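As they're listed, the protein sequences go chains R and L. Residues 1 to 212, numbered by our numbering, are exactly what the first sequence covers, in order. Residues 1001 to 1212, numbered by our numbering, are exactly what the second sequence covers, in order. The beta-carbon is built from N, C-alpha and C at its ideal position, and this holds for glycine as well. What you are looking at is a predicted structure, and each value in this text was computed from that prediction instead of being measured. Structure first, then comments.
There are 2 protein chains.
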Amino acid sequence: MTASGRPAPSRPTLSRDYIADAALSLIDADGLRKFSMRRLGTALGFDPMAAYRYFPHQEDLFDGVAAALFNEIDPDTLPWDGAWRALVEEYFTRLRDVLLRHPHAVTVFATRPVRSTAAIDTGVRMLERLRDAGFPPPQALRVVRCARDLTVGHALGVSVLRLGAASRSRRPAASSPEYNLLAEAADDTDIDDHFVLGLAALLDGLAHLVRT
Amino acid sequence: MTASGRPAPSRPTLSRDYIADAALSLIDADGLRKFSMRRLGTALGFDPMAAYRYFPHQEDLFDGVAAALFNEIDPDTLPWDGAWRALVEEYFTRLRDVLLRHPHAVTVFATRPVRSTAAIDTGVRMLERLRDAGFPPPQALRVVRCARDLTVGHALGVSVLRLGAASRSRRPAASSPEYNLLAEAADDTDIDDHFVLGLAALLDGLAHLVRT
DNA sequence: ACCTGAACACCGTTCAAGT
DNA sequence: ACCTGAACACCGTTCAAGT
């Protein structure tokens, strides 16, 4: 494929997608704090500035990372032909699963809108499906935005707690009786098991927006 | 109050709270990207390393900024004696309002748990109130976590869009008919008006957890 | 035309040197 | 004992110099 005659097993052909995937891998491995454009360039086997030939700014690269995360949802295999409720639950459950698989990258996803064509097409298709199910488009948009806010907020909160648990686990000693109520309740509930409950409750509460 | 006899109108007494408030002001004014420990020190009128005498790491300072944001909720004036539903709605509505007043600081709040005594006391009080209203404490904790996830996710999403709207407003031209459904729906809905709807729906859907 | 790395203007953090 | 700023090991980004 390459014009050069080198063996070059360590120098793949660069492209925006390839670089964005490599950036995500680097973030997964070492955390967002340690990520840098320079480290990415050398990790790719090129000079430290290599990524700049494809992404003029770090922000643009992070847009690509967010798009890569979105693609991991695999939106084409969603149950588009089923009930709106099952579609929305599956979509956002997948989004949560993807984000929790990449705890170091959740903030990258949460701090920018994903405007890739895949993301826009999926958004349009979701609105169409909800409209066909009886939601006026503005209400359908509100449903999707609410579910997205819950999902992203949840993934971010869980990731923050899981990543922080290793480093600074300064949970205060259960001394005061007041603290015990919170501590005991926390010990009895997994850190992430409220998502299914919350998403179901949210959609229950929003179902009445059909034909309003 | 100070031991020195200087006029010193520009050199206030430093303290952790004072520095955290100053850091929040600096973030509000110039954005999180431009914030630095050095800029904070000089903004306070001291040497660039001044903040390190009170916060050993930037992370600790950001914990203080998050605690300052929490205090802006003014939890003591919440309707603690009213219905659980009104209490939870007011609490998270205030949290949203605080965060939207500080769009540059939302990520600081969203990326760490607030473990100040004020935050813990408020959390315990909220659980007590929900328990008295009939929620078993683990379910009460799930209710609070769901509402927090929705609120933080919402504030983050809205802040990101508002801050990004000025700089890179690359919304594609409404060319394709497919795009129009999303664009038209977006034009007809404010970027943040789904929060009241979503929080109400969520709490509607969770109310059945009482006495389960 | 593409590639490379020196250079600029910054960071967070440490710590030796002052007072 | 407290304060200060030089110094270290980095950044993102630009751009002159190479090929």
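Only counting the same chain, and skipping five residues up and downstream in sequence, which positions put a Cβ closer than 8 Å to that of residue 123 of chain R?
Counting from 1 along the first sequence, the entry for residue 123 of chain R is found at position 123. Counting only Cβ-Cβ distances below 8 Å, and skipping sequence neighbours, we find 144.
CB contact check: residue 1142 of chain L to chain R, cutoff 7 Å
Within the second sequence, the letter at position 142 stands for residue 1142 of chain L. Output row for residue 1142 of chain L: interface = yes.
With a CB to CB cut of under 6 Å and the five nearest residues on each side skipped, what residues in its chain are close to residue 110 of chain R?
Here residue 110 of chain R is taken as the residue at index 110 of the first sequence, counted from 1. Within the same chain, residue 110 of chain R has close Cβ partners 152, 156.
Which whole-angstrom value is the C-beta distance of residue 154 of chain R and residue 1063 of chain L, which I expect to be below 8 Å?
Position 154 of the first sequence, counted from the start, is the residue given in the question as residue 154 of chain R. Position 63 of the second sequence, counted from the start, is the residue given in the question as residue 1063 of chain L. Residue 154 of chain R to residue 1063 of chain L, Cβ: 21 Å. No contact.
Amino acids of chain L, ordered along the chain, whose beta-carbon sits closer than 7 Å to that of residue 194 of chain R
Against the first sequence, residue 194 of chain R aligns to sequence position 194. In chain order: 1142, 1145, 1146.
So with CB distances below 7 Å, who are the chain L contacts of residue 123 of chain R?
Looking up residue 123 of chain R in the first sequence gives position 123. In chain order: 1182.
Of the residues L:1141, L:1129, L:1158, which one's Cα is nearest the Cα of residue 1104 of chain L?
Sequence index remark: in the second sequence, residue 1104 of chain L carries index 104 (1-based). Of the listed residues, the one whose Cα sits closest to residue 1104 of chain L is L:1158.
Could you spell out the range, first to last residue, of the alpha helix (DSSP H) harbouring residue 1194 of chain L?
To locate residue 1194 of chain L, count along the second sequence from 1; it is residue 194. First-last of the alpha helix (DSSP H) with residue 1194 of chain L: 1194-1206.
Can you name the start and end residues of the alpha helix (DSSP H) that residue 1015 of chain L belongs to?
Along the second sequence, read from residue 1 onward, the residue named residue 1015 of chain L stands at position 15. Here residue 1015 of chain L belongs to no alpha helix (DSSP H), and DSSP marks it neither H nor E.
Span separating the alpha-carbon of residue 1121 of chain L from that of residue 1072 of chain L
For the purposes of this step, residue 1121 of chain L is taken as residue 121 along the second sequence, with counting starting at 1. For the purposes of this step, residue 1072 of chain L is taken as residue 72 along the second sequence, with counting starting at 1. Between residue 1121 of chain L and residue 1072 of chain L, the C-alpha separation is close to 15 Å.
Which residues, in order along the stretch 1051-1064 of chain L, keep a beta-carbon less than 7 Å from a beta-carbon of chain R?
none
Taking 7 Å as the threshold (beta carbon to beta carbon), is residue 1154 of chain L in contact with chain R?
As a first step, residue 1154 of chain L is located in the second sequence; it is residue number 154 there, counting from the start. Yes - at least one Cβ of chain R is within 7 Å of the one on residue 1154 of chain L.
Is DSSP giving residue 25 of chain R helix, strand or coil here?
The count along the first sequence starts at 1 and reaches residue 25 of chain R at position 25. Helix at residue 25 of chain R.
Does the ligand NAD have a heavy atom nearer than 6 Å to the CB of residue 145 of chain R?
The ligand NAD is not part of this structure, which contains no ligands at all.
Under 8 Å between beta-carbons, which chain R residues line up against residue 1112 of chain L? List them in chain order, please.
Taking the first residue of the second sequence as 1, we reach residue 1112 of chain L at position 112. 160, 164, listed in chain order.
Is the beta carbon of residue 131 of chain R sitting closer than 7 Å to the one on residue 119 of chain R?
Looking up residue 131 of chain R in the first sequence gives position 131. Looking up residue 119 of chain R in the first sequence gives position 119. No, they are not a contact pair.
Could you check what DSSP says for residue 81 of chain R in three-state terms: helix, strand or coil?
Counting from 1 along the first sequence, the entry for residue 81 of chain R is found at position 81. Three-state DSSP puts residue 81 of chain R in coil, outside helix and strand.
Chain R within 7 Å of residue 1150 of chain L, Cβ atoms only:
For the purposes of this step, residue 1150 of chain L is identified with residue 150 of the second sequence, where counting begins at 1. Chain R contact via Cβ: present.
Taking only the alpha-carbon atoms, compute the straight-line gap between residue 1184 of chain L and residue 95 of chain R and give it to the nearest angstrom.
Counted from its first residue, the second sequence places residue 1184 of chain L at position 184. Counted from its first residue, the first sequence places residue 95 of chain R at position 95. Answer to the nearest angstrom: the Cα atoms are 25 Å apart.
Measuring CB to CB, does residue 79 of chain R end up less than 7 Å from residue 90 of chain R?
The residue you call residue 79 of chain R lines up with position 79 of the first sequence. The residue you call residue 90 of chain R lines up with position 90 of the first sequence. Yes, these two residues count as a Cβ contact at 7 Å.
Collapsed DSSP secondary structure at residue 1111 of chain L in the structure displayed:
As a working mapping, residue 1111 of chain L is identified with position 111 in the second sequence. Three-state result, residue 1111 of chain L: coil.
Distance, Cα to Cα, residue 1027 of chain L vs residue 1068 of chain L?
Looking up residue 1027 of chain L in the second sequence gives position 27. Looking up residue 1068 of chain L in the second sequence gives position 68. Straight-line Cα distance between these residues: approximately 13 Å.
Count the other CB atoms, across all protein chains shown, that sit within 10 Å of the CB of residue 2 of chain R; report buried if there are 16 or more and exposed otherwise.
Translated into positions along the first sequence, residue 2 of chain R becomes position 2. Note on residue 2 of chain R: pLDDT 35, under 50, position unreliable in the model; the coordinate value appears next. Burial call: exposed.
So, with DSSP's three-state summary, where would you put residue 1091 of chain L?
Working through the second sequence from its first residue, we reach residue 1091 of chain L at position 91. Note: residue 1091 of chain L maps to helix in three-state DSSP.
Compare the C-beta of residue 31 of chain R against all C-beta atoms of chain L and say whether one is closer than 7 Å.
Counting from 1 along the first sequence, the entry for residue 31 of chain R is found at position 31. No, its Cβ sits nowhere closer than 7 Å to a Cβ of chain L.
Please list the partners that residue 82 of chain R has in chain L, where partner means a Cβ-to-Cβ separation under 7 Å.
Here residue 82 of chain R refers to the residue found at position 82 when the first sequence is read from its first residue. Ordered by position in chain L, no residue passes the 7 Å Cβ test against residue 82 of chain R, which lies about 20 Å from the chain.
Using three-state DSSP, classify residue 159 of chain R as helix, strand or coil.
The sequence position of residue 159 of chain R within the first sequence is 159, counting from 1. Correct three-state label for residue 159 of chain R: helix.
What residue from L:1113, L:1136, L:1191 has the CA that sits closest to residue 165 of chain R's CA?
Within the first sequence, numbered from 1, the residue matching residue 165 of chain R stands at position 165. Residue L:1113 is the option with its Cα nearest to residue 165 of chain R.
Report the rounded CA-to-CA distance for residue 108 of chain R versus residue 20 of chain R, giving the unit in angstroms.
Residue mapping note: residue 108 of chain R aligns to position 108 of the first sequence, counting from 1. Residue mapping note: residue 20 of chain R aligns to position 20 of the first sequence, counting from 1. Roughly 12 Å between the two C-alpha positions.
Go through its chain and collect everything with a Cβ distance to residue 37 of chain R's Cβ below 8 Å, but skip five positions before and after it.
Walking along the first sequence from the start, residue 37 of chain R turns up at place 37. Closer than 8 Å at Cβ, skipping near neighbours: 48, 49, 51, 52, 58, 61.
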